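**Q** Chains as they are written, first to last, in our numbering: chain A, 656 to 1077; chain B, 21 to 119.
Heads up, the beta-carbon is just placed ideally off N, CA and C, and yes, glycines get one too.
Here the structure is a predicted model, which is why all the values come from computation and not from measurement.
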Amino acid sequence: MTAVPTTSSGTSTRYDRLILPDRVHGSLYTDPAIFAEELAKIWHTTWVFVGHESEVPQPNDYVRKKLAMQDVVMTRDKDGEVHLLLNRCAHRGNQVCDDQKGNSSSFRCPYHGWTFRNTGELLGYPYNKGYGGKNKLELGMGRVPRVASYQGFVFGSFAADGPSLEEHLGAAAGEIDRLVGLSPEGSVSLTAGWLQHKTRANWKLLAENETDGYHPQFVHGSIFGVTGSPIGALYSDASTAVTRNLGGGHSENDLRPEFRGFDEPMRWFGTTPDRVPDYVARMEAAYGDDARRRLVEGAPHVMVFPNLFIAEIQVFNIQPVATGECVQYSTAVQLDGAPELNRRMVSQSIGSVGPAGMLLADDTEMYERNQRGVEALQPEWLEVSRGLVRERVDEDGFTIGAATDETGMRGFWKHYKSLMEA
Amino acid sequence: MTDPAIPDPSAGPQHDIVAGGSMRTGRFVVPGVGPVVESEFASVSVDLDHEGNSVRLRIEDLRTGRVRHLDALELEAVVWLPEGHLTQLLDPSSDRWRG
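#1: Do A:W1036 and A:I674 come within 8 Å of each other at the CB atom, strictly closer than that value?
#2: What did DSSP end up calling A:K696 once you bin it into helix, strand or coil?
#3: Counting along the chain, where does the alpha helix (DSSP H) carrying A:Y821 start and finish?
#4: Could you pull the DSSP bridge partners for B:G54 from this structure?
#5: Would A:Y670 be called buried (16 or more neighbouring beta carbons within 10 Å of its own) or exposed?
#6: Considering only residues of the same chain and omitting the five flanking positions on each side of A:F1053, which have a CB-CB separation below 8 Å?
#7: Counting only the same chain and skipping the five closest in sequence on each side, list residues whose C-beta sits under 6 Å from that of A:A1058.
#8: Give the range of the beta strand (DSSP E) segment to which A:G757 is assigned.
#9: If you measure from the beta carbon of B:L77 to each beta carbon in chain A, is any gap under 8 Å?
#10: At 8 Å on the CB atoms, spell out the chain B contacts of A:L778, in chain order.
#11: Under 8 Å, do A:N773 and A:D734 count as touching if we go by C-beta distance?
#12: How about A:P975 and A:I965: are their beta carbons less than 8 Å apart?
#13: Quick check: what's the CA-CA separation for A:L850 versus A:D754?
#14: For B:S63, which option in B:L95, B:L109, B:D91 and B:V50 has the closest C-alpha, if you only look at C-alpha atoms?
#15: Decide yes or no for the touch test of the segment 765 to 784 of chain A against the segment 805 to 813 of chain A: beta carbon pairs closer than 8 Å, at least 3 of them.
#16: At a CB-CB cut-off below 8 Å, which residues of chain B make contact with A:C752?
#17: Return the residues of the segment 768 to 799 of chain A that lie within a Cβ-Cβ distance of less than 7 Å from chain B, sorted by chain order.
#18: Measuring only the C-alpha atoms, how far is A:A815 from A:T701?
#19: Give a yes or no on whether the minimum CB-CB distance between B:W117 and chain A is below 8 Å.
#20: Along chain A, in chain order, which residues have C-beta atoms closer than 8 Å to that of B:R44?
#21: Contact criterion: CB-CB distance below 8 Å. Does B:S65 meet it with respect to chain A?
#22: DSSP puts A:G902 in a beta bridge; with which residues?
#23: Of all the options A:W858, A:V1001, A:G876 and A:W923, which has the alpha carbon lying nearest to the alpha carbon of A:T986?
#24: DSSP state of A:R1065, grouped into three classes?
#25: Under the three-state reduction of DSSP, which class applies to A:I689: helix, strand or coil?
#26: Starting from the N-terminal side, write out each stretch of the alpha helix (DSSP H) that is 4 residues or longer and does not extend beyond the segment 796 to 842 of chain A.
#27: A:Q969 and A:V988 look like a contact to me (Cβ under 8 Å); what is the Cβ gap, rounded to whole Å?
#28: Please state whether DSSP places A:V1044 in a helix, a strand or coil.
#29: At the 8 Å Cβ level, is A:R763 part of the contact set with chain B, yes or no?
#30: Which class does A:W923 belong to by DSSP, given the choice of helix, strand or coil?
#31: For the segment 1024 to 1042 of chain A and the segment 679 to 694 of chain A, state whether three or more C-beta atom pairs, one from each stretch, are separated by less than 8 Å.
#32: Here's the rule: buried if 16 or more other CB atoms are within 10 angstroms of the residue's CB, otherwise exposed. What is A:E1076?
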């Protein structure tokens, strides 16, 4: 593990010494004390993506999810409201729900039978005389204090107060809007099932990589070659695509300049309108003249701080486990009202991030090698300077770099530093 | 005389139960006792019983083998049960574990 720099520099903070404009210190990925501080100041404070409303479509549906290392039960109560409960009995701390999903208005702890509504409220306990009768205890399952959703994406925050979800998302909300705008019904579902990829790497290596346009031509050369995908060429110095710092730690690879240049509907998906005629017809019926623009520009490639990655056709939910371990949950996007495209979404996702997929296996190999690399003592620093020489501000005021620049990483670290110093 | 609807508790369930979560899809029918409604918290079979002069619903708690029959009027009462009353019934100390 690289040592944390101790050289004092006047009034600078610890993170001033670890995070510089053009490089970050290796200990950020290896120091257990920093990981513990991240849990407190990021994962247990800011808004974290947990799941999607479509995973609990019916009243009393529930699914088990993760919020960092916390086991969370996402429920929809009988009135339709979504809750995030901590999966722990208020009596002796036993795990209450064991199935990954189900439908139940109430949950009964298997240890002593304490029973809770799916809102977390204590409903009753066996042999109540031991407590002086019914309704004598003001105890319930723990709850994530704030729960909010945007376009069906459910986020939780352990901070009782703080920025609203809309404030947290900022410009990244527009990218989620772009995704749902590819559905003829203006909404998406995440119901194709989640794959879980255990990854022996620090979560930040993944967050940084998601909008790193420098690696695809190297790491993903095999899938680009096998499939004949035109995507690889989008990530080069000749590309007109840009890397955008969206603020708030969010960033995107905006490939629209390239796709607009080709002006070919469905090129972003690697197909042509004649192969998905029903989808194209539904889009035209829903959006009229604007349908063509949507079908040309395609889906977003956006990293929403700290753990939601929308990669055009699939969604990733990244959750930390330890300093050098995290889990990537991935699922195919399902555009409501687009069954023809959804079948292809699932097939493509299986091919890219499935158990024998050719995309995520490559990335994960790099994450794990990266983690092993940063354990080395020298050199202590990791570069994030690529593109500083050509960075500029776009017409909307966002800092942008070229397709292969580390503009997104620099935005990530700026926000990370602000949270860790708060 | 022993109530035939209440089996000897030491005898346990009267039917084989399919292990794991495979029955939770609601697509399984246990021969002789009907379709199964199951979650991780309870496992109950439901079936129509035609032995009486009019049809009844036969419900069996597959974890204990306890059976209850509900006639049409009782079922209608369940449909009209206020939410609060139903919630009271879910309190484990209301009946089964009253102590």
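**A** So, to answer that:
#1: no
#2: Three-state DSSP puts A:K696 in a helix.
#3: Looking at the sequence provided, one finds Glu at residue 821 of chain A rather than Tyr. Segment L820 to L824, the alpha helix (DSSP H) holding A:E821.
#4: B:G54 is bridged to B:V50.
#5: buried
#6: A826, R899, N900, L901 and G902
#7: G868, Y890, S894 and A896
#8: Unbroken beta strand (DSSP E) run through A:G757: K756 to N758.
#9: no
#10: For the C-beta of A:L778, the chain B residues within less than 8 Å are, from N- to C-terminus, T107, L110 and D111.
#11: No, the Cβ-Cβ distance between A:N773 and A:D734 is not below 8 Å.
#12: Not closer than 8 Å, so no.
#13: 16 Å
#14: The candidate whose alpha carbon is nearest that of B:S63 is B:V50.
#15: no
#16: Correct list: E60.
#17: Result list: G768, T770, L778, G779, Y780, P781, Y782, N783, K784 and K789.
#18: So the two alpha carbons sit approximately 10 Å from each other.
#19: yes
#20: D754 and G757
#21: no
#22: A:H905
#23: A:V1001
#24: helix
#25: helix
#26: Segments of the alpha helix (DSSP H) lying fully in the segment 796 to 842 of chain A: 820 to 824 and 827 to 835.
#27: Right, their Cβ atoms sit about 6 Å apart.
#28: helix
#29: yes
#30: Note: A:W923 maps to helix in three-state DSSP.
#31: yes
#32: A:E1076 should be labelled exposed.
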